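The working numbering puts the last residue of the sequence shown at 506; the count rises by one with no breaks. Even glycine gets a Cβ: it sits at the ideal position worked out from N, Cα and C. All of these numbers come straight from a predicted model, not from anything done at the bench.
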Amino acid sequence: MAAEESWDVIIVGAGNAALCAALSAAEQGVKVLVLEKATLEDRGGNSTFTAGGFRFCHDGVEDLRTDILDDMTPGEYDSIGNLPPLSEEQFMEILMRITEHQADEDLGRILIGQSRDTMRWMRKHKIRFIPMFGRQSFKIEGKHHFYGGVNIEAVGGGWGLVDMLVQACERMGITIRYETGLRELIQDESGQVTGVRAFGPDGYENIPAKAVVLACGGFESNPEMRVRYLGQGWELCRVRGTQHNTGDGINAALRIGARPHGGWSSAHAVQWDISAPPYGDRVILDNFQKHSYPIGIVVNLNGERFIDEGADYRNHTYAKYGKEVMKQPQRAAVQIFDAKTHDNVRDEYRIREVTKASADTIEELAEKLDINVEGLKKTVAEFNAACQPGEYNPSILDGVGTRGLAVPKSNWALPIDTGPFHGYVVTCGITFTFGGLKINTEGQVLDLTDKPIPGLYAAGELVGGLFFQNYPGGTGLLNGSVFGRLSGRNAGLLARSA
Ligand SMILES: Cc1cc2nc3c(=O)[nH]c(=O)nc-3n(C[C@H](O)[C@H](O)[C@H](O)COP(=O)(O)OP(=O)(O)OC[C@H]3O[C@@H](n4cnc5c(N)ncnc54)[C@H](O)[C@@H]3O)c2cc1C
């Protein structure tokens, strides 16, 4: 391609946010170029590594059948016992509570208010969805009972989502250039963004455009930035997804005076198999996560519990518990299940690449996993004695909790008393960072005086302001789709009018 070739809109990145932005910009009838730093084989960013799970507002399965799950089979439909609706009020309450009331309410209102329409829009672009039968439901009397608000996934998970989005982009005539990464944003004397300086197989290149949408992820894959913003020791966590989200878009925008915003010292981080590689594995995907801890207990290598495993649904706690594991000796923890609940652990516990041991007694399990034996025996004895009677039900907040412990377990607290016992060793796996750029409700990136930087838009992980300390599961993809669509449309409109 000739260096002087001009585009109306450049989208930086080729994950979910970027591809939604590209589709939305192209709908405005403009010429769109997507730049992706990774190779074609490595494309799709973190979005590829996901389960493809989306949280969005709906009125239950009958409603979903009209326009989102319109190709669900009769057998799938009949197997659903309950798929609870999610109202805008419920979603907003969850977002605000989980982020300790720090989430930017204007962005939150857009995210939630446009969630259903955005899913419908994706469906029109031939993205297919199904209920998350495997991971987000428990079977009761043969029927799936869904819980926790993230109940719908893209067919084929994250891989499927990215493939379907790329196909949609191809149908819209959008060009995607791989192995070409943003290095700098180019501005004219007035401050208008007029293109990007990128680095590709042939070296540096200036690519002009009338508008640019940054959608190239956070800084989770940059150990230097992790230590700088998240704190000491964070260079040692595992990265759950792509190695390419190194903060390039955030840094390029900050260099031209964009305003940093949001939860810069916190990140989405989970319990992740201790033997997992430094970055995500495109075959194992998210199966290194270990997310059945609400039906077990979690101890450190001293044998001490340190989190309320049953504080809330997994979808509302998992993203903050990786950080708690980081604080433990050797950044390690062990999830323990007894025979009563072990059959109900999620599929990710059954992969071959798992760091686990099983034993008939707690002492033996502790010895096998290098946990302090006396410490674990004491913890389990105290925990068992603190468990209160009640009707255990993992698909609702059953209130079956402990009493009198310094670290309580608020729901699903059954004594760990029936062998064999199973222990899974985890460390911290970072998913994505919460700090990023400030945007307004039009998706425009704001400068240090809160004025829009002309021609510059952003979407997805690199936008700050929505998530702090914690995160409601299934909101990362929705965030990229809603704000990708918004920013892409406005970038397209600007380019069309220029
Ligand atoms: C294992 C795992 C499971 C997850 N599961 C879920 C889930 O089920 N549901 C959910 O909602 N969220 C989930 N998430 C979170 C979700 O992945 C992210 O919130 C979302 O995918 C972010 O989308 P994005 O488009 O902003 O970033 P990404 O999908 O990461 O895309 C960013 C893209 O930018 C590219 N890039 C980086 N730098 C440059 C540059 N300089 N120039 C050009 N391109 C560049 C990257 O290569 C990448 O392709 C999960 C994340 C992980 C890691």
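Pairwise C-alpha distance: residue j and residue i
| i | j | result |
| --- | --- | --- |
| Asp-346 | Asn-24 | 39 Å |
| Thr-435 | Trp-280 | 5 Å |
| Ala-11 | Thr-183 | Residue placement at Ala-11 is poorly supported in this model, since its pLDDT is 48, which falls under 50; the coordinates still yield a value, given next. Going from the Cα of Ala-11 to the Cα of Thr-183 covers about 15 Å. |
| Val-220 | Pro-460 | 13 Å |
| Arg-504 | Gly-463 | 12 Å |
| Arg-358 | Thr-369 | 21 Å |
| Gly-165 | Arg-136 | 10 Å |
| Tyr-400 | Trp-420 | 6 Å |
| Thr-508 | Arg-267 | Past the edges of the chain, shown from 9 to 506, lies residue 508, and the structure says nothing about it. |
| Asp-78 | Gly-157 | 20 Å |
| Leu-4 | Arg-493 | This structure cannot settle anything about residue 4, because the visible part of the chain is limited to 9 through 506. |
| Arg-234 | Thr-387 | 33 Å |
| Ala-59 | Gly-52 | 13 Å |
| Pro-82 | Asp-351 | 28 Å |
| Gln-297 | Ile-120 | 27 Å |
| Leu-262 | Ala-33 | 24 Å |
| Glu-84 | Leu-72 | 13 Å |
| Ile-185 | Ile-106 | Correcting the residue type first, residue 185 is Arg in the shown sequence and not Ile. Cα to Cα, Arg-185 sits roughly 38 Å from Ile-106. |
| Glu-375 | Lys-385 | 11 Å |
| Pro-397 | Gly-116 | 39 Å |
| Ile-102 | Glu-178 | 37 Å |
| Lys-348 | Ser-300 | 13 Å |
| Glu-96 | Cys-65 | 6 Å |
| Gly-472 | Glu-243 | 21 Å |
Residue burial classification, residue i (beta-carbon count within 10 angstroms, cutoff 16)
| i | result |
| --- | --- |
| Leu-48 | exposed |
| Asn-498 | buried |
| Leu-474 | buried |
| Glu-161 | buried |
| Asn-253 | buried |
| His-152 | buried |
| Ile-148 | exposed |
| Pro-480 | buried |
| Ser-568 | No answer is possible for residue 568: it lies beyond the span of the chain, which begins at 9 and ends at 506. |
| Ser-283 | exposed |
| Gly-241 | exposed |
| Gln-175 | exposed |
| Glu-469 | buried |
| Ala-506 | exposed |
| Asn-214 | exposed |
| Ala-414 | exposed |
| Thr-250 | buried |
| Arg-63 | buried |
| His-109 | exposed |
| Thr-325 | buried |
| Glu-55 | This sequence places Ser at residue 55; Glu is not what is there. So Ser-55 ends up on the buried side. |
| Lys-45 | buried |
Nearest-angstrom beta carbon gap, residue j and residue i [assumed within contact, 8 Å]
| i | j | result |
| --- | --- | --- |
| Phe-227 | Ile-258 | 6 Å |
| Leu-445 | His-276 | About 17 Å separates the two Cβ atoms, so there is no contact after all. |
| Tyr-237 | Ser-403 | That belief does not hold up - the Cβ atoms of Tyr-237 and Ser-403 are roughly 37 Å apart, past 8 Å. |
| Gly-225 | Gly-21 | 6 Å |
| Leu-438 | Gly-330 | Here residue 438 turns out to be Ile, not Leu, going by the sequence shown. Right, their Cβ atoms sit about 7 Å apart. |
| Glu-356 | Asn-448 | Not really, about 39 Å apart at Cβ, beyond 8 Å. |
| Asn-478 | Lys-328 | 4 Å |
| Glu-317 | Val-306 | 6 Å |
| Phe-476 | Gly-451 | With 8 Å as the limit, Phe-476 and Gly-451 do not qualify as a contact, their Cβ atoms being about 21 Å apart. |
| Leu-377 | Gly-431 | 5 Å |
| Ala-217 | Val-17 | 6 Å |
Ligand 1 heavy atom lying under 7 Å from the CB of residue i
| i | result |
| --- | --- |
| Phe-391 | no |
| Glu-361 | no |
| Gly-468 | yes |
| Ser-55 | yes |
| His-252 | yes |
| Glu-44 | yes |
| Asn-24 | yes |
| Cys-245 | no |
| Gly-482 | yes |
| Gly-60 | yes |
| Lys-439 | In the sequence as displayed, the identity of residue 439 is Thr instead of Lys. Checking every heavy atom of ligand 1 against the Cβ of Thr-439, one is found closer than 7 Å. |
| Ala-319 | no |
| Asp-256 | yes |
| Gly-225 | yes |
| Gly-488 | yes |
| Leu-445 | no |
| Arg-504 | no |
Residue i: CB within 7 Å of a non-hydrogen atom of ligand 2
| i | result |
| --- | --- |
| Arg-51 | Ligand 2 is absent from the structure shown, which contains only ligand 1. |
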